[in-house]
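Here the sequence shown stands for residues -25 to -1, 1 to 312, numbered as in mature numbering (1 follows the signal peptide of the UniProt record, and there is no 0). By construction, the Cβ of each residue, glycine as well, lies at the ideal position given by its N, Cα and C atoms. Since this is a predicted model, take the numbers as computed values, not measurements.
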Amino acid sequence: MNNGHVKIFFFVLILFVYVNDKVLTTEHEADNAASSKTTISKITPSETPSFGTASFETVVPKITQPMFIVLTNPPSPHIASIPVIFELDSVYKKSKRLLCPDIAEIKKAKEVMDEAVTLLQYHATTEDSYKYHCTSPQGIKIYCRKDRRSPSIGKCQFQISNPNKYYDIIDILWDPNGPQNFDPSFVSGKVVRSYNRNLLMVLKLHRNAALSSTRYFYALVKKAQISEDTTIIVMASGNINDHNPFNKKTYKNKVLESINSFNTNVDFDEDVKNGYYKKTFVNLSGYLIRKKNDHVDVTFVNSMDFNVSFSLKSFVKNPNIEAMQNILSLQSYFDNQ
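Shown next as structure tokens:
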């Protein structure tokens, strides 16, 4: 074979190797592309469960789809109430330093006030033994219940026209100083002891025209959510010794009798000391608040022991009615907003 034939032979050989290599390379890239396409299609959101796991044939970077899937889920029915819980909890946050250290006292307070919630709900919804007493200047009918065995209990029901004020109503009635916004007889109020976020001990001062004096009381107060659109706020007095030398009467609650076993002590308050105010007691007082489609129903139940002399016992209904009429200003307060 001469030199020219050798050159031609090697040229053809090199050309054959080059073309064969290109063909193999092209096939390999095509296979990779197909594999990559198949793998990606396996992890598209439309084919992969949101919170499931899958095994893949090749390792690929994980796509963080769950973040977007969570955000597009329907909202939980409880989410809307979260801002309200925080708002209503502001009273408790301010009083956390007053948290009761006595486990037995906390347990007893919870027991008697759970019963108070049930009792207030009963009186707010029953018509048994309640008789019409009078109509307030606002046109609200007030009913009273009285028998020989228990103190007088009054109640009335009124409406607040804006149903969106439901949580605002709860807020203002739960706040010990809330009545300053609408009750002309209210002087002041404060938390003196905290048991949990929905159970407190409060001190409140009121002026009472029927008794021509300013009086005060200590009471346990509980807030209970009965349902999504129904809340109860209830107060009752037990044997709370505030070391007032002018008021040493042993109190017996004849409406919520179980609270008579609740005994505790508090410091003599400076406001009470400086004002020489007379002590009164809450037999049972509170609100049943119900949100309706186009308004809010508020039923107020009230029974007070004003600690008056025997000669004034027959007169004691009038201060109770006065207290109820003052609460009715809550209606105009919200309707005028």
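Item to complete: Tell me Ser125's beta-bridge partners as DSSP assigns them.
Response: Within the sequence shown, the letter at position 150 stands for residue 125. In the DSSP output, where bridge partners are listed per residue, Ser125 has Asp122.
Discussion item. Tell me the DSSP secondary structure of His108 in three-state form.
Written reply: As a working note, residue 108 is residue 133 in the sequence shown. DSSP places His108 in strand when its eight states are reduced to three.
Fill in: Of the listed residues Glu102, Arg190 and Ile145, nearest to Lys197 (C-alpha basis)
As a working note, residue 197 is residue 222 in the sequence shown. If you compare the alpha carbons of Glu102, Arg190 and Ile145 with that of Lys197, the shortest gap goes to Ile145.
Worksheet item: What residues in its chain sit with their C-beta under 6 Å from that of Ser278, if we drop five residues either side in the sequence?
Response: For the purposes of this step, residue 278 is identified with residue 303 of the sequence shown, where counting begins at 1. The residues Pro126, Ile128, Val230, Asn258 and Leu259, in chain order, have a CB closer than 6 Å to that of Ser278 in the same chain once the five nearest residues on each side in sequence are set aside.
Discussion item. Pop quiz: Leu174 and Val166 are said to be a contact at Cβ under 8 Å. What is the actual Cβ separation, rounded to whole angstroms?
Written reply: Within the sequence shown, numbered from 1, the residue matching residue 174 stands at position 199. Within the sequence shown, numbered from 1, the residue matching residue 166 stands at position 191. Contact doesn't hold; Cβ gap of about 11 Å is too wide.
Worksheet item: Can you give the Cα-Cα distance for Leu263 and Lys227, rounded to whole angstroms?
Response: Here the question's residue 263 lines up with position 288 in the sequence shown. Here the question's residue 227 lines up with position 252 in the sequence shown. Going from the Cα of Leu263 to the Cα of Lys227 covers about 25 Å.
Worksheet item: Under a three-way DSSP split, which group does Phe256 fall into?
Response: Position 281 of the sequence shown, counted from the start, is the residue given in the question as residue 256. In the displayed model, Phe256 falls within a strand according to three-state DSSP.
Practice prompt. With DSSP as the reference, please indicate the residues paired to Ser136 in a beta bridge.
Written response: On the sequence shown, residue 136 is found 161 positions in, with the first residue counted as 1. Paired residues: none, contrary to the question.
Worksheet item: CB-CB under 8 Å to His270, same chain, minus the five flanking residues each way: which ones, in chain order?
Response: The sequence position of residue 270 within the sequence shown is 295, counting from 1. Counting only Cβ-Cβ distances below 8 Å, and skipping sequence neighbours, we find Gln134, Ile135, Ser136, Asn137 and Pro138.
Item to complete: Return helix, strand or coil for Ala185, following the three-state DSSP convention.
Response: Here the question's residue 185 lines up with position 210 in the sequence shown. If DSSP states are grouped into helix, strand and coil, Ala185 belongs with coil.
Discussion item. Using the three-state DSSP reduction, which class does Gln200 fall into: helix, strand or coil?
Written reply: For the purposes of this step, residue 200 is taken as residue 225 along the sequence shown, with counting starting at 1. Of the three classes helix, strand and coil, the one that applies to Gln200 here is strand, per DSSP.
Item to complete: Report the residue from Leu195, Cys131 and Lys140 whose alpha carbon sits nearest the alpha carbon of Ile81.
Response: Along the sequence shown, read from residue 1 onward, the residue named residue 81 stands at position 106. With distances taken between Cα atoms, Ile81 lies closest to Leu195.
Fill in: Among Phe309, Gln306, Met299 and Ser307, nearest to Ile117 - alpha-carbon criterion
What you label residue 117 is simply residue 142 of the sequence shown in a count that begins at 1. If we check each option's Cα against that of Ile117, Met299 comes out closest.
Worksheet item: Going by the CB atoms, is the gap between Asn183 and Arg190 shorter than 8 Å?
Response: As a working note, residue 190 is residue 215 in the sequence shown. As a working note, residue 183 is residue 208 in the sequence shown. Their beta carbons are under 8 Å apart, which means Arg190 touches Asn183 by this criterion.
Worksheet item: For the beta strand (DSSP E) that contains Gly164, what are its first and last residues?
Response: Translated into positions along the sequence shown, residue 164 becomes position 189. Annotation: the continuous beta strand (DSSP E) that includes Gly164 extends over Phe161 to Asn171.
Practice prompt. Classify Gly250 as helix, strand or coil using the three-state DSSP reduction.
Written response: Position 275 of the sequence shown holds residue 250. Of the three classes helix, strand and coil, the one that applies to Gly250 here is helix, per DSSP.
Discussion item. So, for Gly153: in the same chain, excluding its five sequence neighbours on each side, which residues have a beta-carbon less than 6 Å away from its beta-carbon?
Written reply: Here residue 153 refers to the residue found at position 178 when the sequence shown is read from its first residue. Hits under 6 Å: Ile147.
Worksheet item: Taking Lys223 as the reference, which of Ala199, Thr255, Ile208 and Ser202 has the closest Cα?
Response: Position 248 of the sequence shown, counted from the first residue, corresponds to residue 223. The shortest C-alpha separation from Lys223 is found at Thr255.
Worksheet item: In the DSSP assignment, what are the bridge partners of Leu180?
Response: Against the sequence shown, residue 180 aligns to sequence position 205. In the DSSP assignment, Leu180 forms a beta bridge with Ser163 and Tyr191.
Practice prompt. Output yes or no for whether 8 Å exceeds the beta carbon distance between Gln113 and Thr274.
Written response: For the purposes of this step, residue 113 is taken as residue 138 along the sequence shown, with counting starting at 1. For the purposes of this step, residue 274 is taken as residue 299 along the sequence shown, with counting starting at 1. Their beta carbons are not under 8 Å apart, which means Gln113 does not touch Thr274 by this criterion.
Practice prompt. Mind checking which residues open and close the beta strand (DSSP E) that includes Ser278?
Written response: As a working note, residue 278 is residue 303 in the sequence shown. Counting along the chain, the beta strand (DSSP E) containing Ser278 begins and ends at Val271 to Asp280.
Worksheet entry | Residue span of the beta strand (DSSP E) that contains Asn206, given as start and end | Position 231 of the sequence shown, counted from the start, is the residue given in the question as residue 206. Rather than Asn, the amino acid found at residue 206 in this sequence is Thr. Start and end: Thr205 to Ala211.
Practice prompt. Look up Leu94 in the DSSP assignment and say whether it is helix, strand or coil.
Written response: Locating residue 94 in the sequence shown gives position 119, where the first residue counts as 1. Note: Leu94 maps to helix in three-state DSSP.
Item to complete: Report the option in Ile302, Asn238, Lys69 and Leu74 whose CA atom is closest to the CA atom of residue 343.
Response: This structure leaves residue 343 out entirely; the chain is present only between -25 and 312.
Worksheet entry | Spatial distance of Ser188 from Val87 (CA atoms) | Along the sequence shown, read from residue 1 onward, the residue named residue 188 stands at position 213. Along the sequence shown, read from residue 1 onward, the residue named residue 87 stands at position 112. Taking the straight line from one Cα to the other gives about 30 Å.
Fill in: Rounded separation between Gln155 and Thr101 - CA only
The residue given as residue 155 occupies position 180 in the sequence shown. The residue given as residue 101 occupies position 126 in the sequence shown. Their backbone Cα atoms lie some 30 Å apart in a straight line.
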